[in-house]
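Comments concern the structure below.
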Amino acid sequence: MKLLMLGAAVIGGSVFGMFWLNGGQFETVFHLNELVLVVGTALGAFLVGNTARVLGDLRAVVVAAMRRRRHGDAFEQELLTLTYSLLQTSSRDGVRALDVHLDDPSRSPIFQRSRHVLSNTKLVDFTVDALRVASLSKGSRSELDSLLAMEIESRERRMMHPVQALHKLGESMPGFGIIAAVLGLVLAMYDIGAGAATATITRQVAVAMVGTFFGVFACYAVIGPLANRLSQSVVVEMTGYECVHAALIAFLSGKTPLLSADAGRRMLQYGTLPSFNALEGWVRNVEDGR
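In terms of full-length UniProt numbering, the sequence shown is numbered consecutively and its last residue is 290.
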């Protein structure tokens, strides 16, 4: 969030600050009619070009991005200790001992220790389903590995749909700015034919150019960067699924719960990747508090 605010300040200072330092007046680049025309056309095109599901998924992607920033590194710690605890329960008490935790995760003592993970209902559902399939499946480990990999790919593809839609909207913004400029020039040409004064015509042309400015500015300084940021947040979001996937497959391959959790640890985002010693410490705390 700090980088987002810093970037916005740099953009505003670079564009509007230099405009003001060169003698420009802010009222000459802020015209409500041009802004409404560009934004309204863009919004309408976005609604026409996307289904209600994509719009809902866009909201989900934004919420997921905000949630991960709010939780910070605690999310990774809770996810790893949750994975370890579930696998340790299965190893110690048998796979049927997981039923009490998988039937209602919100009431499970194991899940309740991981409140940040528990708030991510989609990841919880994926974890529960993966463990159930693993306990019921009579197929090979490689088949389950492929099945979970395909599910993760499908989830990522769906989460990327609204991001791609937003990116396409950003690419279209200069075109919407041109629409505003063309309409402004049409009015200017009409006034020329009606014998309007030169000063009036030049002001109308300047206002028409403001629409083009809005479109280009929104494309390269607002929507484009936001779409790229959301795309990165989707990649980070999917590391949670990949963590559970890797840990479960390692466990089914005969690894201990700790080494299985370590396999999941290696799937986490590089910038927040905890060390193996940190994982051991978290696991030790879980065992001491059990």
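No residue lacks a Cβ here, since even glycine has one placed at the ideal position from N, Cα and C.
Verify whether the separation of the beta carbon atoms of residue i and residue j is less than 8 Å.
i	j	result
G215	M173	yes
L258	Y84	yes
residue 355	L144	Residue 355 lies beyond the range of the chain shown here (1 to 290); nothing can be said about it.
S108	V100	yes
L82	V117	yes
T272	D73	yes
G264	A247	yes
T41	F176	yes
Of the residues the options, which one's Cα is nearest the Cα of residue i?
i	options	result
V222	G170, Y190, Y241 and V182	G170
S142	G12, F251 and V205	F251
G56	A130, M160 and A263	M160
T121	D104, S91, L136 and A261	D104
G7	A247, R229, Q269 and A246	R229
G49	L166, Q112, F126 and Y190	L166
L131	G24, H116, L87 and Y220	L87
R115	K255, F75 and E34	F75
R158	A60, A181, L32 and L273	A60
L187	I178, I179 and Q204	Q204
D129	S140, I110 and E151	E151
K168	R96, H31 and L43	L43
S253	S140, A64, L58 and L183	S140
V95	M189, R265, V244 and S135	S135
R67	L279, N33 and L123	L123
L183	N33, Q269 and Y241	N33
L58	N285, P162 and L35	P162
E156	R266, Y241, I201 and G24	Y241
S119	V54, V63, I178 and V133	V63
Q164	A180, A199 and G224	G224
S231	A180, A65, P274 and Q269	A65
N285	M267, A206, R113 and Q269	R113
C243	R266, T256 and S14	R266
Here's the rule: buried if 16 or more other CB atoms are within 10 angstroms of the residue's CB, otherwise exposed. What is residue i?
i	result
A52	exposed
E287	exposed
L80	buried
T28	exposed
V38	buried
A218	buried
I126	Reading the sequence as shown, one finds Phe at residue 126 and not Ile. Buried: at least 16 other Cβ atoms inside 10 Å.
residue 318	This structure cannot settle anything about residue 318, because the visible part of the chain is limited to 1 through 290.
A208	buried
T239	buried
Q77	buried
S106	exposed
L47	exposed
F30	exposed
S260	buried
L98	buried
F111	buried
A180	buried
L268	buried
V283	buried
Using a Cβ-Cβ distance under 8 Å, would residue i count as near chain D?
i	result
G224	The structure shown contains no chain D; it is built from a single protein chain.
Which whole runs of the beta strand (DSSP E) in the segment 106-179 are 3 residues long or more, in chain order? none
Entirely within the segment 171-234 and at least 4 residues each: give me those alpha helix (DSSP H) ranges in chain order. Counting whole runs of 4 or more residues, the segment 171-234 contains the alpha helix (DSSP H) stretches 198-217.
Every unbroken alpha helix (DSSP H) inside the segment 71-100 [4 residues or more]: Complete alpha helix (DSSP H) runs here, min 4: 74-93.
Touch check for the segment 233-245 and the segment 187-207: three-plus C-beta pairs under 8 Å? no
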